[in-house]
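A.B. asks:
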Amino acid sequence: MNAQTQFSLQAVDQQSLTFQALDNYALSGVRYRPKSQIIANMIIANATGVPQAFYRRFALYMAERGFQVFTFDYRGIAQSAPKNLKGFEMDYLDWGQLDLSGVIDQVAKDAAKDSIKTFLIGHSYGGQALGLVNNSQKLTACMTFGSGVGWKGYMPKVEAFKVSIIWNVVFPAMALRYGYVPWSKLKMGADLPLGVYQQWKQWCKYPNYFFDDPDMQYLHAQYAKVNTPIIAVTSIDDEWAMPISRDALHVHYKNAQLTNDDITPQQFGLKQIGHMGYFRQGAEQIWDHVMGQFQQYF
Numbered sequence: 001m002n003a004q005t006q007f008s009l010q011a012v013d014q015q016s017l018t019f020q021a022l023d024n025y026a027l028s029g030v031r032y033r034p035k036s037q038i039i040a041n042m043i044i045a046n047a048t049g050v051p052q053a054f055y056r057r058f059a060l061y062m063a064e065r066g067f068q069v070f071t072f073d074y075r076g077i078a079q080s081a082p083k084n085l086k087g088f089e090m091d092y093l094d095w096g097q098l099d100l101s102g103v104i105d106q107v108a109k110d111a112a113k114d115s116i117k118t119f120l121i122g123h124s125y126g127g128q129a130l131g132l133v134n135n136s137q138k139l140t141a142c143m144t145f146g147s148g149v150g151w152k153g154y155m156p157k158v159e160a161f162k163v164s165i166i167w168n169v170v171f172p173a174m175a176l177r178y179g180y181v182p183w184s185k186l187k188m189g190a191d192l193p194l195g196v197y198q199q200w201k202q203w204c205k206y207p208n209y210f211f212d213d214p215d216m217q218y219l220h221a222q223y224a225k226v227n228t229p230i231i232a233v234t235s236i237d238d239e240w241a242m243p244i245s246r247d248a249l250h251v252h253y254k255n256a257q258l259t260n261d262d263i264t265p266q267q268f269g270l271k272q273i274g275h276m277g278y279f280r281q282g283a284e285q286i287w288d289h290v291m292g293q294f295q296q297y298f
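Position 86, counted from 1, in the sequence shown is what the UniProt record's numbering calls 86; the numbers after and before it change by one each time, with no gaps.
(1) Per DSSP, what are the beta-bridge partners of residue 71 in this structure?
(2) Do you know offhand how far residue 112's Cα is from residue 70's?
(3) Tell me which residue opens and which closes the alpha helix (DSSP H) that residue 290 is part of.
(4) Give me the Cβ distance between residue 123 and residue 24, rounded to the nearest whole Å; I'm assuming they're in contact under 8 Å.
(5) Do you know offhand how far residue 64's Cα is from residue 92's?
(6) Tell me the rounded alpha-carbon separation between residue 207 and residue 247.
(7) Taking its Cβ as the centre, do 16 or more other Cβ atoms sit within 10 Å of residue 251, making it buried, or is it exposed?
(8) Does DSSP put residue 136 in a helix, in a strand, or in coil?
(9) Note the first and the last residue of the continuous alpha helix (DSSP H) segment covering residue 221.
(10) To the nearest angstrom, how far is the alpha carbon of residue 290 from that of residue 177?
(11) For residue 15, count the other beta carbons within 10 Å of its own beta carbon; 16 or more makes it buried, fewer makes it exposed. Which is it?
(12) How is the beta strand (DSSP E) around residue 40 delimited, first residue to last?
(13) Out of 108, 136, 57, state which residue places its alpha-carbon closest to the alpha-carbon of residue 96.
(14) How is the alpha helix (DSSP H) around residue 236 delimited, first residue to last?
(15) Per DSSP, which one or two residues make a beta bridge with residue 258?
(16) Within the same chain, show all residues whose beta-carbon is closer than 6 Å to that of residue 264, passing over the 5 residues directly before and after it, in chain order.
(17) Where does residue 166 sit, in a helix, a strand or coil, going by DSSP?
(18) Within the chosen definition, does the region 129 to 143 reach the region 163 to 181 through at least 3 CB pairs nearer than 8 Å?
(19) According to DSSP, residue 12 sits in a beta bridge with which residue or residues?
(20) Can the beta-carbon of residue 121 be found closer than 8 Å to that of residue 41?
(21) I'd like to confirm the pairing. Which residues does DSSP put opposite residue 142 in its beta bridges?
Structure, rendered in structure tokens:
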């Protein structure tokens with residue numbers, strides 16, 4: 001534990017809690033409450049297969065600076081998963097439509113009592129989830145990180161080849177053997193429910209992701225309902241969400257005030273950022289950037 005983390009722990013109260021999804025599924029969560037005055041609420045919507053614990057350092061950093069931060073695990077992931085994922089049925093969209101919607105409802109309800117604003121941080125899938133919730137109007141603003149459409153055609157050739165092997169060889173074999181995708185065995189994240197993997201793979205075949213799926217056409221209108229200001233951040237070395245991929249997703253937020261923010265590792269004194277580096281140790285200058293961007297909404 002370094003000095004920065006020690007200071008954060010002294011300045012922040014950390015409390016485990018349970019959120020209720022819209023269908024009453026219990027979601028494991030954590031609240032990071034500053035011991036000083038709360039300036040706003042912040043909800044973190046995770047990337048696919050990334051446990052809430054990954055965002056702990058970022059949450060502490062922001063809470064230390066006045067944000068009351070809420071993290072949670074989507075259903076089927078980490079602390080919100082059943083003991084055995086085999087046979088666990090869910091839809092990939094549940095994470096936004098049911099889980100994140102439920103978290104926003106609960107956080108915003110308490111925020112209204114204290115007249116404080118609620119912001120959303122969406123990492124990868126978390127940026128897609130903004131368009132899936134039924135209550136985006138309760139958010140003051142959203143900042144997305146590495147949120148794109150997942151189509152390999154928008155990735156550099158080497159990364160696209162790796163992704164093809166994962167989708168078409170590695171994951172199918174794992175799913176056939178286990179009945180879910182034990183992603184943790186590859187040290188790539190938390191294990192994935194079978195339904196999540198199947199839909200994710202299907203939609204990543206399309207240049208416009210689920211917007212190209214004939215069965216998902218209602219999502220065009222759903223995304224158009226969002227008028228929450230969005231700051232869409234992507235690093236130029238994020239091979240899973242290059243700026244062209246980011247733009248292919250965010251163009252569907254047609255009624256939101258959208259600001260594209262292309263960043264570089266060098267801009268923040270880093271050697272690389274990639275798809276996960278926005279929230280890793282050493283990214284504190286990026287986190288200060290978040291603070292600066294949100295200042296305009298106070």
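Where a beta carbon is used, it is the ideal one built from N, C-alpha and C, also for glycine.
C.D. replies: According to the structure data:
(1) The sequence position of residue 71 within the sequence shown is 71, counting from 1. Beta-bridge pairing links residue 71 to 30.
(2) By one-based count along the sequence shown, residue 112 stands at place 112. By one-based count along the sequence shown, residue 70 stands at place 70. For residue 112 and residue 70, the distance between alpha carbons rounds to 16 Å.
(3) The residue given as residue 290 occupies position 290 in the sequence shown. It spans 284 to 294 - the alpha helix (DSSP H) in which residue 290 sits, taken as one unbroken run.
(4) Translated into positions along the sequence shown, residue 123 becomes position 123. Translated into positions along the sequence shown, residue 24 becomes position 24. That pair is no contact at about 26 Å.
(5) The residue given as residue 64 occupies position 64 in the sequence shown. The residue given as residue 92 occupies position 92 in the sequence shown. Spanning the two alpha carbons is a distance of roughly 33 Å.
(6) Position 207 of the sequence shown holds residue 207. Position 247 of the sequence shown holds residue 247. For residue 207 and residue 247, the distance between alpha carbons rounds to 12 Å.
(7) In the sequence shown, residue 251 corresponds to position 251, counting from 1. When all chains shown are included, residue 251 counts as exposed.
(8) One-based indexing of the sequence shown puts residue 136 at position 136. Helix, per DSSP.
(9) Here residue 221 is taken as the residue at index 221 of the sequence shown, counted from 1. Unbroken alpha helix (DSSP H) run through residue 221: 218 to 224.
(10) In the sequence shown, counting from the first residue as 1, residue 290 sits at position 290. In the sequence shown, counting from the first residue as 1, residue 177 sits at position 177. When rounded, the distance between both Cα atoms is 42 Å.
(11) Mapped onto the sequence shown, residue 15 falls at position 15. It is exposed - the Cβ of residue 15 has fewer than 16 other Cβ atoms within 10 Å.
(12) Position 40 of the sequence shown holds residue 40. 40 to 45 is the extent of the beta strand (DSSP E) around residue 40.
(13) Position 96 of the sequence shown, counted from the start, is the residue given in the question as residue 96. Selected option, being the one with the closest Cα: 136.
(14) Sequence index remark: in the sequence shown, residue 236 carries index 236 (1-based). Neither: residue 236 is in no alpha helix (DSSP H) and is coded neither H nor E.
(15) Walking along the sequence shown from the start, residue 258 turns up at place 258. Bridge partners of residue 258: 230.
(16) In the sequence shown, residue 264 corresponds to position 264, counting from 1. Excluding positions up to five away in sequence, the list reads 236.
(17) One-based indexing of the sequence shown puts residue 166 at position 166. Helix at residue 166.
(18) no
(19) Stepping through the sequence shown from its first residue, residue 12 is reached at position 12. Its beta-bridge partners are 34.
(20) As a first step, residue 121 is located in the sequence shown; it is residue number 121 there, counting from the start. As a first step, residue 41 is located in the sequence shown; it is residue number 41 there, counting from the start. No, the pair does not count as a contact, with Cβ atoms beyond the cut-off.
(21) To locate residue 142, count along the sequence shown from 1; it is residue 142. For residue 142, which the question treats as bridged, DSSP gives the partners 120, 230.
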